[in-house]
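>
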Amino acid sequence: MFRLKVPALIGMCLSIIVVTCGFQGQPVRKTRAYYEEREEVVWEVPMQEKMIALTFDDGPNPVTTPQILDLLNEYEAKSTFFVIGKRMDRFPEVVKREAAEGHEVANHTYSHLYLNHRVTREKLLEELSKTEEKIVSLTGKHSPWFRPPGGFFNDSVIQIAREKGYKMVLWSWHQDTKDWSSPGTNKIINKVLKNVRNGDIILFHDHVEGSSQTVQALKTILPELKRRGYQMVTVSMLIQHKKSNSLLGKPQH
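When we follow this note's numbering, the leftmost residue of the sequence shown carries the number 1, and every step to the right adds one.
1) Evaluate Val136 with the Cβ neighbour count: other Cβ atoms within 10 Å of its Cβ, from every protein chain shown; 16 or more gives buried, anything less gives exposed.
2) Below 7 Å between beta carbons: does that hold for Val235 and Val192?
3) Can you list the beta strand (DSSP E) stretches of 3 or more residues lying completely in the segment 80-139, in chain order?
4) Report yes if the CB atom of Val83 is closer than 7 Å to the CB atom of His108, and no otherwise.
5) Ordered along the chain, which non-local residues of its own chain (more than five positions away) have a Cβ less than 6 Å from that of Leu124?
6) Who are the near neighbours of Asn73 in its chain, counting only those whose CB is closer than 8 Å to its CB and skipping five residues on each side?
7) When the Cα atoms are used, what is the spatial distance from Val63 to Ser156?
8) Quickly, what does DSSP pair Asp176 with across the bridge? List them, please.
9) Check the Cβ-Cβ distances between Phe81 and every residue of chain C, and say whether any is below 7 Å.
10) How is the beta strand (DSSP E) around Gln48 delimited, first residue to last?
11) For the alpha helix (DSSP H) that Val192 lies in, which residues bound it at each end?
12) Do Leu218 and Asp176 count as a contact pair if the criterion is CB distance below 7 Å?
13) In terms of residues, what are the limits of the beta strand (DSSP E) holding Lys255?
14) According to DSSP, is Val42 helix, strand or coil?
15) If you reduce the DSSP assignment to three classes, tell me which class Lys226 lands in.
16) If you draw a straight line from the alpha carbon of Tyr35 to that of Asn154, how long is it in whole angstroms?
17) Using C-beta distances below 7 Å, list every residue in its chain close to Val105, excluding the 5 sequence neighbours before and after it, in chain order.
18) Can you list, in chain order, the residues of its chain with a C-beta nearer than 6 Å to that of Gly85? Leave out the 5 residues immediately preceding and following it.
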């Protein structure tokens, strides 16, 4: 499907400015730093160690997700899968496998609801709750992470997500692979390998409408990241590592 990735557009056009508004309010410009300082949104987790988080959106997919899981297992990598509730209803066994193999399953709304237009509080709560119930029923675990489809969010979305026990996780602006648009395997590979840095959160998709190039790209990306010494982990593992080192007083930049 066509996906407009707002953080990437913001990065090109407005540098570090994020535009937000309440469901009924007027747009207010706030910087990315505004949200990071308040620990309301995570884009990446800067650190000295060679550790990065792999994330996959829009699944599960009955064909490509198992292929990705096979590759992750082969290269001793873990990942966070931001899943769609409706797709979990169709392919529950894939989600069970994700959890059984040590990966993280997180909330990406029930119907891939874009939040860049008027959405009622009740509707967003329903989308989050239905997806969360399915995640818990299939994995036995509550997810602490929410990623809004397309990266669209505002202060009201953050507040509602917080009420449901979520923190919002986006992705490193320099690590949006745009694999959803089928840009070519080499472009996906180069996006990751030419830009990777410690603490990155990399955005892939395990479900793409039409032909997916992600699996083929991962066959090059994963072994090369491993060769370079990167540990590939879940979002929770990345954030917990940063917190643990902070408690020990270790520098993180």
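Beta carbons are placed, not taken as given, at the ideal position from N, Cα and C, and that holds for glycine.
With the given structure in hand:
1) exposed
2) no
3) The qualifying runs are 104-107.
4) yes
5) Ile160
6) Glu101
7) About 36 Å.
8) Leu203
9) The structure shown contains no chain C, having only a single protein chain.
10) Here Gln48 belongs to no beta strand (DSSP E), and DSSP marks it neither H nor E.
11) Thr185 to Leu193
12) no
13) This structure cannot speak to residue 255, because the chain is shown only from 1 to 253.
14) Strand.
15) helix
16) 11 Å
17) Phe81, Val83, Val95, Glu98, Ala99, Ile135, Thr139 and Ser143
18) Tyr110, Lys130, Thr131 and Lys134
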